[in-house]
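First the structure, in the form of C-alpha cells, and then the observations on it.
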Amino acid sequence: AEAARINADLGARIIDINMGCPAKKVCRVAAILHEHLQHLHAFHGARHGVRVARKHIAWYSRRYPGGATFRKAINQTDCARRQLEIVKDFFQQLTERELAA
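Using the UniProt record's numbering, read the sequence shown as starting at 1 and increasing by one per residue.
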C-alpha cells in the first residue's frame, strides 16, 4: 500500500501488481490449462481428447520460450496421461526459470 501511494504521488497512472512476479502468471496459466485439458479429455474421450487438446495447448504455450519444442513433444503423444505430464513438466521448467531470473 505504501509503495502504491508513493507511485501515485510520483504521477503513476497505473501500477502493474504482477510486475516482478512472472512465475505467478506461469503457474496460473499452467493450472488453467491443466483443468482445461482434463475437461477436454473427459468430454471427447482420452484418444480424441488428446488430439483436440493439441491446438488448445498451442494457444496456451505460443508466447513462452521453448514453446516450439514443447508443442512438438505434445504432437507426438496419443496418451492423455502423458500429455498432462508433458504440460506439467514444461510449465514447471518455466516457473523454475522465472524464479531463478
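Don't be surprised by glycine CBs; every beta carbon is placed ideally from N, CA and C.
Computed from a predicted model, the values in this text were never measured in an experiment.
- Each of T77, Q92, I32 and K25 was checked against the Cα of H48, and the nearest Cα belongs to T77.
- Shown here, R62 sits in coil according to DSSP, grouped into three states, outside any helix or strand.
- Sequence-distant Cβ neighbours of Y60 in its own chain, meaning closer than 7 Å and more than five residues away, are V29 and L33.
- By the C-beta density criterion, L99 is exposed, having fewer than 16 other C-beta atoms within 10 angstroms.
- H41 is classed as buried because its beta carbon has at least 16 other beta carbons within 10 Å across all chains shown.
- An exposed status is given to Q92, since fewer than 16 other beta-carbon atoms sit within 10 Å of its beta-carbon.
- For D89, the uninterrupted alpha helix (DSSP H) segment begins and ends at A80 to A100.
- In the displayed model, Q38 falls within a helix according to three-state DSSP.
- F43 counts as exposed, since fewer than 16 other beta carbons sit within 10 angstroms of its beta carbon.
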